[in-house]
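Participant: Numbering (full-length UniProt numbering), first residue to last: 1 to 171. Backbone N, C-alpha and C fix where the C-beta goes; we use that ideal spot for every residue, glycine too. Note that the structure is predicted; figures quoted are calculated from it, not measured.
1. Look up residue 18 in the DSSP assignment and say whether it is helix, strand or coil.
2. So within the UniProt domain "RNA polymerase sigma-70 region 2" (17–80), which uninterrupted alpha helix (DSSP H) runs reach at least 4 residues, ignoring any that extend past its ends?
3. Helix, strand or coil for residue 150? Go by DSSP, reduced to three states.
4. How close, in whole Å, do the beta carbons of residue 156 and residue 114 come, if the pair is a contact with beta carbons under 8 Å?
5. Out of 120, 140, 134, which one is the CA nearest neighbour of residue 56?
6. Pick helix, strand or coil for residue 113, following the three-state DSSP scheme.
7. If you pair each beta-carbon of the region 114–133 with each one of the region 33–51, do three or more pairs fall below 8 Å?
8. What did DSSP end up calling residue 131 once you bin it into helix, strand or coil?
9. Using only the alpha-carbon positions, how far apart do residue 67 and residue 158 sit?
10. With residue 16 and residue 59 assumed to form a contact (beta carbons below 8 Å), what rounded beta-carbon distance in angstroms separates them?
11. Are residue 41 and residue 20 close, meaning C-beta to C-beta below 8 Å?
12. Judging by CA-CA distance, which residue of 53, 132, 150 is the nearest neighbour of residue 9?
13. Grab me the residues of residue 11's own chain with a C-beta within less than 6 Å of its C-beta, minus the 5 sequence neighbours each way, in chain order.
14. Could you check how far apart the C-beta atoms of residue 125 and residue 150 are, in whole angstroms? I think they sit under 8 Å.
15. Please state whether the Cβ-Cβ distance between residue 14 and residue 127 is less than 8 Å.
16. Excluding five sequence neighbours on each side, which residues of the same chain lie with their C-beta closer than 7 Å to the C-beta of residue 31?
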C-alpha cells in the first residue's frame, strides 16, 4: 500500500471507530468483544482498501463486514451467554453522570435480551441512522424483514421499559 493510501486509511479508521464501536457494543453486547469486532472489520477493510476509493463506500463496506463477522461469531460459537453490562461512555449527558450510567446499564440489559437480528436492526437504524432499505441491503434481508425486526424489537423494548429508572422513558 503506498504511503498516501496508508495515511488515508489511518484517517478513515480513526474517523469511523467511535460510530462502529457504539454499533458493535449494541450488536454483541460486550465492550471487549465490540472492540475485537471493530478491529476485525477494520483489518478486512485495510486489505480491501485499494479497491475502496470513496470514503462513504469504505464506511458502508466496513459496517457490512462488521455485521457479517458478528453474525459468523454468533453462528459458530452458539453464543448463549452474553455479558454486556453497559453501552458506551461516549455521548453521556453531562449533569447527573450516575443517573446516566444507570440508564445506559439498564438499556444495555434490555437490549441484551433481544435476538441478534433485532439488536443489529436497532443498532443500524437508530445508532447509525440508516434507512430501512440501507439496513436491508447491509443485512442482506428484505425491507419487510427489517420492518418486522424493528417492530418486534421496539415492542420488546417497550415491554421492558418498566425496568428503566423513572424519568428515563416516555410513556
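Facilitator: Result, derived from the coordinates:
1. Residue state, collapsed to three classes: helix.
2. Listed in chain order, the complete alpha helix (DSSP H) runs (minimum 4 residues) inside the UniProt domain "RNA polymerase sigma-70 region 2" (17–80) are 31–48, 55–77.
3. Residue 150: helix per DSSP, three-state reduction.
4. Their Cβ separation, rounded to whole angstroms, is 6 Å, which keeps residue 156 and residue 114 in contact under 8 Å.
5. The residue with the shortest Cα to Cα distance from residue 56 is 134.
6. Note: residue 113 maps to coil in three-state DSSP.
7. No, the region 114–133 does not touch the region 33–51.
8. Residue state for residue 131 is assigned as coil, using DSSP reduced to three classes.
9. One C-alpha to the other measures close to 25 Å.
10. The beta-carbon separation of residue 16 and residue 59, rounded to 5 Å, stays under the 8 Å limit for a contact.
11. It is a contact, given that the beta carbons lie within the stated cut-off.
12. 53 is the residue among 53, 132, 150 whose C-alpha sits nearest the C-alpha of residue 9.
13. A distance below 6 Å between beta-carbons, with the five flanking residues on each side excluded, links residue 11 to no residue of its chain.
14. Between the beta-carbon of residue 125 and that of residue 150 there is about 6 Å, and that keeps the pair under the 8 Å contact cut.
15. Their beta carbons are not under 8 Å apart, which means residue 14 does not touch residue 127 by this criterion.
16. Within the same chain, residue 31 has close Cβ partners 25.
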